[in-house]
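Trainee: For the sequence shown, the residue numbers in this note's numbering are -10 to 475. Backbone N, C-alpha and C define an ideal beta-carbon position, used for all residues, glycine too. Owing to the predicted nature of the structure, the values given are computational and were not obtained by experimental measurement.
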Amino acid sequence: MKEFKHFINGQYVSSASGKTFDNRSPVDNSLIGTIHEAGREEVDAAVQAAKAALKGPWSKLTQVERTQLLNKVAERINARFDEFLEAECLDTGKPRSMAAQIDIPRGAANFKAFTETVANLPTEGFRMDTPDGKGAMNFGHRTPKGVIAVIAPWNLPLLLMTWKVGPALACGNTVVVKPSEETPMTTTLLGEVMNECGVPPGVFNVVHGFGPDSAGEFLTTHPDVNAITFTGETRTGEAIMKAAAVGLRNISLECGGKNPALVFADCDLEKAVEGTMRSAFVNCGQVCLGTERVYVERPIFAQFVARMKEEVAKLKLGRPEDSEANFGPLVSLEHRAKVKYYYDLAVEEGATVEIGGGIPDMGEALNAGAWIEPTIWTGLADDARVIREEIFGPCCHIRPFDDEEEVIALANDTDYGLAAAIWTENTSRAIRVAEHMEAGIVWVNSWFLRDLRTSFGGAKQSGIGREGGIHGMEFYTEMKNICIKL
Ligand code: NAD
Ligand code: 6OD
């Protein structure tokens, strides 16, 4: 049994109220530990520690010293790789093979990548004429924004939290992180790493709890938080936007998706099947960039559906430590109830269930866990709720199309605009179609291939702002113009 405390000013602290809640394994619903729930008191202590740290030794570090410190954090995550891996898999139930390839390495890389961005960040300069003929020089100067609240989801806990903490700290800010109530472990462990590396107290703080009337709300409404960066559901994003309006605080919102894949008859079919299998089913379908709507050009529709069914049938469900398993449970029983609701709704809405659709029998030891079958549907109308609403589970609907114009319209017929995947061997078509996608990220003949120098974010209801590379610098720093009269 583990106990997860807040990490405030370099120390692990309990909630003054004594309030805790359970952390349960998605694999078998067993109790993993107890999580302390922050009240206003702990959130305020964390924000005040972060505010004070802005003026302490952290602010005196040179850019090179800060880079060295954050590179050390990346190295320590890698040195304690197995502990992070164990913690992430306990919390999420995801296969170790996946977390070892994606979650933990990216958790470390997110600290290194942005120190490089900051070190190589150019600034603007303008010489201007003045009436006295002597002129003036203008140049842009960036300063840290201040205390950044980081609100993180449960699907890729370490990766998505460090994706924000990395650039925030590289720019000289301090942070208060609220990890998801479902997945507190790796964020809590990162506190130890910060201390081991000598990151000054108060630079990285963690408070645990829920959203409304709990740590999330207390943090986002705190007047001494200067900016809020959030990843999670669109509806939560709206609540955070309202909270940020008070005091005109800046926000960066990375929200939900209902992402399309467009599979043209001139694709490499096997590559398209392999890519769509990953985009629909990796992490049990719990990836914001994942594909829930697949559009396949009619000549290859039947073959594509058949190949996808064959591949889904081969997925091996099992515990994280089962080296044969490549498919884990959903994150919680609550989330499974939501996904199962959509599975039942699909049938009500007239879907043909090509494969899956139910809750698997995992045997006595695992049946209490949040297991669900990977599922493929065909035959739904374009206005079905299953086609329009984000499910965030291991499922996709496959629909035929006849021409490029039609599929562009279908792909864009959504409130969301996070990602799209295009499968074609025709480069002109790939570029033409990609340019028409109403989405922040478009992959051609690939999916979730990430270069951290590129922009990342969503159009429409998938978010506000862009992070990644220099784009995140707009959010994590305050730009000031310095004008010098010559
Ligand atoms: P969620 O919105 O329920 O929760 C995210 C975080 O917000 C949690 O820490 C939660 O406690 C907190 N929260 C909830 N209500 C709050 C409030 N009123 N004030 C402050 N904090 C609050 O999302 P989730 O269920 O954890 O994650 C799944 C969702 O995240 C999906 O919609 C998925 O698409 C989205 N997501 C988006 C991206 C992206 O980059 N665009 C990445 C991953 C996940
Ligand atoms: O790769 C990333 O940087 C990123 N933000 C991924 C988001 C995945 C969503 O589930």
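#1: Does ligand 2 have a heavy atom nearer than 8 Å to the CB of residue 367?
#2: At a cut-off of 8 Å, would you count residue 220 as near ligand 1, judging by its Cβ distance to the nearest heavy atom?
#3: Return helix, strand or coil for residue 275, following the three-state DSSP convention.
#4: Any heavy atom of ligand 2 closer than 8 Å to the Cβ of residue 384?
#5: Among 335, -5, 435, which one has its Cα closest to the Cα of residue 258?
#6: Using the beta-carbon count (16 or more within 10 Å), is residue 375 buried or exposed?
#7: Going by the beta-carbon positions, is the gap between residue -3 and residue 196 smaller than 9 Å?
#8: Is residue 377 near ligand 1, in the sense that its beta carbon is under 8 Å from a heavy atom of that ligand?
#9: Can you tell me whether residue 475 is helix, strand or coil according to DSSP?
#10: Buried or exposed: which applies to residue 224, given that a residue is buried once 16 or more other Cβ atoms fall within 10 Å of its Cβ?
#11: Taking the continuous alpha helix (DSSP H) assigned at residue 96, which residues delimit it?
#12: Just grab the DSSP bridge partners of residue 241 for me.
#13: May I ask you to verify whether the segment 382 to 398 touches the segment 361 to 371, counting CB pairs closer than 8 Å and requiring at least 3?
#14: Anything with a beta carbon under 6 Å from a heavy atom of ligand 2 counts; list them all in chain order.
#15: Counting pairs of Cβ atoms below 8 Å between the segment 309 to 328 and the segment 277 to 285, do you hit three or more?
#16: Return the chain-ordered list of same chain residues with a C-beta closer than 6 Å to the C-beta of residue 242, the five sequence neighbours on each side being excluded.
#17: If you drop the 5 nearest sequence neighbours on each side, which residues of the same chain put their C-beta closer than 8 Å to that of residue 423?
#18: Assign residue 130 to one of two classes, buried (16 or more other C-beta atoms within 10 Å of its C-beta) or exposed (fewer than that).
#19: Suppose the cutoff is 7 Å on Cβ atoms and the five residues either side in sequence are ignored; what does the same chain contact list for residue 15 look like?
#20: Sorry if obvious, but does the Cβ on residue 240 come closer than 8 Å to a heavy atom of ligand 1?
#21: Once DSSP output is grouped into helix, strand and coil, what is the label at residue 456?
#22: By DSSP, does residue 0 sit in helix, in strand, or in coil?
#23: Smallest Cα separation from residue 128: which of 232, 295, 95, 112?
#24: Please report the residue range of the beta strand (DSSP E) in which residue 430 lies.
Mentor: Taking the geometry as given:
#1: no
#2: yes
#3: coil
#4: no
#5: Checking every option, the nearest Cα to that of residue 258 belongs to 435.
#6: Per the 10 Å Cβ criterion, buried.
#7: A contact, by the Cβ cut-off of 9 Å.
#8: no
#9: coil
#10: The residue is exposed, with fewer than 16 neighbouring Cβ atoms inside 10 Å.
#11: 92 to 108
#12: 218
#13: yes
#14: 144, 145, 149, 152, 276, 277, 278, 439, 445
#15: Not touching, per the Cβ criterion.
#16: 219, 226, 452, 453
#17: 409, 411, 431, 433
#18: exposed
#19: 81, 82, 318, 319, 320, 321, 358, 359
#20: no
#21: strand
#22: strand
#23: 112
#24: 430 to 433
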